[in-house]
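A.B. asks: One structure, pasted below without further comment.
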Amino acid sequence: MIDDAIATEVLMECEALLEQEGSVEERLQRLMQLLHDRLPHFHWVGIYWLRGNELVLGPYVGPPTEHVRIPVGRGVCGTAVAERMNQIVYDVRERENYLACNLETRSEIVVLIRHPQTGKIIGQIDVDGTEVGAFDITDEALLEAIGERIARLVCASPPAPQGS
């Protein structure tokens with residue numbers, strides 16, 4: 008749960024950070040660190056990119072996870088893509104298809120990142136919390152705004168050169 012004033016501050020900091028020098032990957036890694044540092048209930052925060060029928064882990068901050076690839080439809084992250092809807096899980100222990108990344112996790116929020124022109128899902132922001140009910144619509148609203156900015160950054164950047 009995020010106070011409006013804090014959400015506004017964090018969003019402004021995110022915008023400034025995304026305009027800094029560095030590769031897209033470096034800026035997104037710094038963004039994940041900012042969210043982790045500024046929002047104490049964000050125990051683990053990361054981005055998964057949609058690649059075909061699989062989510063692939065991108066930049067993140069928090070304990071290591073073995074879930075570097077998640078099939079669409081599996082776990083909270085895969086369900087978000089399959090249902091094309093953000094997910095707010097009050098208590099992960101009550102979710103049948105939950106993929107445990109960390110034994111301390113009690114709640115989770117997944118917010119989809121959509122292409123700014125087509126609306127197609129290109130990825131998601133995934134956040135774990137150690138408290139039951141750590142997330143609500145205020146978190147979702149902030150993460151949606153951040154996701155829009157991530158999408159604009161990623162979709163505006165030219166693709167990385169392919170090896171020969």
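So the sequence shown is residues 8 to 171, counted in our numbering. Ideal Cβ placement from N, Cα and C applies to all residues, glycine included.
1) With R159 as the anchor, note down where its alpha helix (DSSP H) starts and where it stops.
2) Consult DSSP for Q75 and reduce its assignment to one of helix, strand or coil.
3) Compute the Euclidean distance between the alpha carbons of L64 and E32, then round it to the nearest angstrom.
4) At 4 residues or longer, and completely inside the segment 47–98: list those alpha helix (DSSP H) runs for me, N to C.
5) Determine the direct distance from the alpha carbon of C108 to that of M19, and round the result to whole angstroms.
6) Write down the C-beta distance between I129 and I116 rounded to the nearest angstrom, noting that I regard them as a contact closer than 8 Å.
7) Keeping to the same chain, check which residues put their C-beta closer than 7 Å to that of G85; ignore five residues upstream and five downstream.
8) Between the Cα of Q131 and those of V139, E147, D98 and F142, spot the shortest distance and give me the residue it belongs to.
C.D. replies: Looking at the atomic coordinates:
1) That run of the alpha helix (DSSP H) goes I144 to A163.
2) Sequence check: residue 75 is Val here, not Gln. V75: coil per DSSP, three-state reduction.
3) One C-alpha to the other measures close to 12 Å.
4) List check, alpha helix (DSSP H) in window: 82–90.
5) Spanning the two alpha carbons is a distance of roughly 30 Å.
6) Between I116 and I129 the Cβ distance is about 18 Å, and since that is not below 8 Å, they are no contact.
7) Result list for G85: L62, I77, P78 and V79, in chain order.
8) The shortest CA-to-CA distance from Q131 to any of V139, E147, D98 and F142 is the one to E147.
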